[in-house]
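Data block below; observations after.
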Amino acid sequence: MELSKRQEQIIEIVKGNGPITGEHIADRLNLTRATLRPDLAILTMAGYLDARPRVGYFYTGKTGSELLTEKIKKFKVHEFLQVPVVVKDSVSVYDAISTMFLEDVGTLFVVDDNSCLTGVLSRKDLLRASIGQQNLSAVPVHIIMTRMPNIAVCRKDDLLIDAAQKLITRQIDGLPVVKEIDAGLEVVGRVTKTTMTKALVELTIGDHV
1 MELSKRQEQI
11 IEIVKGNGPI
21 TGEHIADRLN
31 LTRATLRPDL
41 AILTMAGYLD
51 ARPRVGYFYT
61 GKTGSELLTE
71 KIKKFKVHEF
81 LQVPVVVKDS
91 VSVYDAISTM
101 FLEDVGTLFV
111 VDDNSCLTGV
121 LSRKDLLRAS
131 IGQQNLSAVP
141 VHIIMTRMPN
151 IAVCRKDDLL
161 IDAAQKLITR
171 QIDGLPVVKE
181 IDAGLEVVGR
191 VTKTTMTKAL
201 VELTIGDHV
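Following this line, the structure appears as C-alpha cells:
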C-alpha cells in the first residue's frame with residue numbers, strides 16, 4: 001500500500017504524540033476532522049494505526065513490509081479461487097489436449113459423473129502420451145492421469161499461503177479446490193501459480209480489501 005504525503009504526516013504525528021485524538025491530529029495539520037476521517041480510517045484498516053474509544057490513535061509499530069506479510073498470511077483460498085477446468089474420466093487424450101489448448105491452462109482436473117475428483121492431467125502427462133504412435137482419440141484420460149490419493153488438494157477455507165506451499169513442494173501448476181460430499185471430493189474451483197501472482201499484485205496496489 002502506497003501512502004499519501006498526508007497519511008505519512010499523520011503516522012509521524014501519532015508516532016510522536018500517541019495516543020492522540022483525531023481532533024488534535026486535525027489541528028496539527030490545519031484540517032477539519034471530517035477531512036481527516038478517511039485517512040484515519042484507511043491507516044487504521046491497513047494496520048498502521050490502532051484506535052481506542054475516548055483515548056485516541058496510537059502507532060502500532062509495524063512497517064509496511066510487516067503489514068503486507070500479515071495480510072498475505074490471512075488470505076483464504078475462496079477469495080482468489082478460479083473456475084475449475086474439468087474433463088470427464090471417459091474423454092480421450094486428444095479431447096483433453098484440445099481442452100487444455102482452448103482453455104489456456106496448465107492443469108485439467110478429471111471428474112466422474114458426480115463431478116468428483118478422480119485424477120489430474122498436467123501438460124507433461126499429455127505431452128508424454130502424445131509422443132508415442134498410439135491413436136490419441138482411442139486412449140481415455142484415466143489411463144494416463146495421476147490418480148487419487150496421489151493428488152494434492154485444498155479447501156475454500158484453507159490459507160492461500162498453505163496452497164502456495166503445496167504448489168512449490170509438489171512442483172505443480174495448479175491445485176483443485178474441493179469440498180466433501182457423499183460421493184467423494186467435488187471440484188469447486190482451482191488455484192494456480194497465476195492465482196498467487198494475482199494475489200500479490202492486488203495486495204501491492206491496494207485493490208484487495
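Going by full-length UniProt numbering, the residue at position 195 of the sequence shown is 195; the numbering climbs one at a time, nothing skipped. Just so it is clear, CB atoms sit at the ideal spot from N, CA and C, and this is done for glycine as well. Just so it is clear, the structure is predicted and the values come from calculations on it, not from any experiment.
Within 10 Å of its beta-carbon, does residue 127 have 16 or more other beta-carbons around it, so buried, or fewer, so exposed? Counting from 1 along the sequence shown, the entry for residue 127 is found at position 127. Residue 127 sits exposed, since fewer than 16 C-beta atoms from the chains shown fall within 10 Å of its C-beta.
Check your understanding: Taking Cβ to Cβ, would you say residue 146 is nearer than 9 Å to residue 115?
Key -> Position 146 of the sequence shown, counting from 1, holds the residue named residue 146. Position 115 of the sequence shown, counting from 1, holds the residue named residue 115. It is not a contact, given that the beta carbons lie outside the stated cut-off.
Neighbourhood of residue 59 by C-beta, 6 Å cutoff - its chain only, sequence neighbours within 5 removed: Along the sequence shown, read from residue 1 onward, the residue named residue 59 stands at position 59. Cβ contact annotation for residue 59 (same chain, cutoff 6 Å, sequence separation greater than five): 14, 15, 18, in chain order.
*Using 8 Å as the Cβ pair cut-off and three pairs as the minimum, do the region 178 to 190 and the region 152 to 159 touch?*
yes
- Query: My guess is that residue 159 and residue 76 are in contact by the Cβ rule of under 8 Å, so how many angstroms apart are they, rounded?
  - Reply: The residue you call residue 159 lines up with position 159 of the sequence shown. The residue you call residue 76 lines up with position 76 of the sequence shown. Residue 159 to residue 76, Cβ: 6 Å. Contact.
If you measure between the beta carbons of residue 173 and residue 197, is that distance less than 9 Å?
Counting from one through the sequence shown, the residue named residue 173 turns up at place 173. Counting from one through the sequence shown, the residue named residue 197 turns up at place 197. Cβ distance not < 9 Å, so residue 173 and residue 197 don't count as in contact.
Q. Excluding the five sequence neighbours on either side, which residues of its own chain have a C-beta within less than 8 Å of the C-beta of residue 11, listed in chain order?
A. The residue you call residue 11 lines up with position 11 of the sequence shown. Cβ-Cβ distances below 8 Å link residue 11 to 3, 43, 48, 49, 59 in the same chain, with the five nearest sequence neighbours on each side left out; the list follows chain order.
Checklist entry - Given a threshold of 16 other Cβ atoms within 10 Å of its Cβ, counted over all protein chains shown, does residue 7 qualify as buried or as exposed? => result Within the sequence shown, residue 7 is the residue found at index 7, counting from 1. By the neighbour-count rule (16 or more Cβ atoms within 10 Å), residue 7 is buried.
Quick one: measure Cβ to Cβ for residue 93 and residue 40, integer angstroms, because I've assumed they're closer than 8 Å. As a first step, residue 93 is located in the sequence shown; it is residue number 93 there, counting from the start. As a first step, residue 40 is located in the sequence shown; it is residue number 40 there, counting from the start. Rounded, the Cβ-Cβ distance is 59 Å, inconsistent with contact.
Between residue 176 and residue 117, which are expected to be in contact by the criterion C-beta below 8 Å, what is the C-beta distance as a whole number of angstroms?
-> Sequence index remark: in the sequence shown, residue 176 carries index 176 (1-based). Sequence index remark: in the sequence shown, residue 117 carries index 117 (1-based). In this structure residue 176 is in contact with residue 117, their Cβ atoms being roughly 6 Å apart against a cut-off of 8 Å.
_Every unbroken beta strand (DSSP E) within the region 46 to 110, with a cutoff of 3 residues, ordered by chain_ = 49 to 52, 56 to 59, 86 to 88
For residue 151, name the three-state secondary structure that DSSP assigns. In the sequence shown, residue 151 corresponds to position 151, counting from 1. It is coil, neither helix nor strand.
Checklist line | C-alpha distance - residue 102 paired with residue 74, whole-angstrom precision | finding: Counted from its first residue, the sequence shown places residue 102 at position 102. Counted from its first residue, the sequence shown places residue 74 at position 74. For residue 102 and residue 74, the distance between alpha carbons rounds to 34 Å.
Requested in this report: Can you say whether residue 87 is buried or exposed, counting buried as having 16 or more other CB atoms within 10 angstroms of its CB?
Outcome: Residue 87 sits at position 87 when you count from the first residue of the sequence shown. Residue 87 is buried by the Cβ-count criterion.
Taking residue 24 as the reference, which of 201, 57, 38, 131 has the closest Cα? Along the sequence shown, read from residue 1 onward, the residue named residue 24 stands at position 24. Ranked by how close their Cα comes to the Cα of residue 24, the residues 201, 57, 38, 131 have 57 in first place.
Please check the pair residue 89 and residue 125, which I expect to be a contact at CB under 8 Å, by giving their CB distance rounded to whole angstroms. Position 89 of the sequence shown, counting from 1, holds the residue named residue 89. Position 125 of the sequence shown, counting from 1, holds the residue named residue 125. With a Cβ gap of about 13 Å, residue 89 and residue 125 do not count as contacting.
Within 9 Å, strictly: CB atoms of residue 110 and residue 119: Looking up residue 110 in the sequence shown gives position 110. Looking up residue 119 in the sequence shown gives position 119. Yes, the pair counts as a contact, with Cβ atoms nearer than the cut-off.
Open item on the list: Let me check understanding here. Comparing Cα to Cα, which of 83, 9, 100 lies closest to residue 187?
Closed with: Reading the sequence shown from its first residue, position 187 is the one you call residue 187. Taking only the C-alpha atoms, the option nearest residue 187 is 83.
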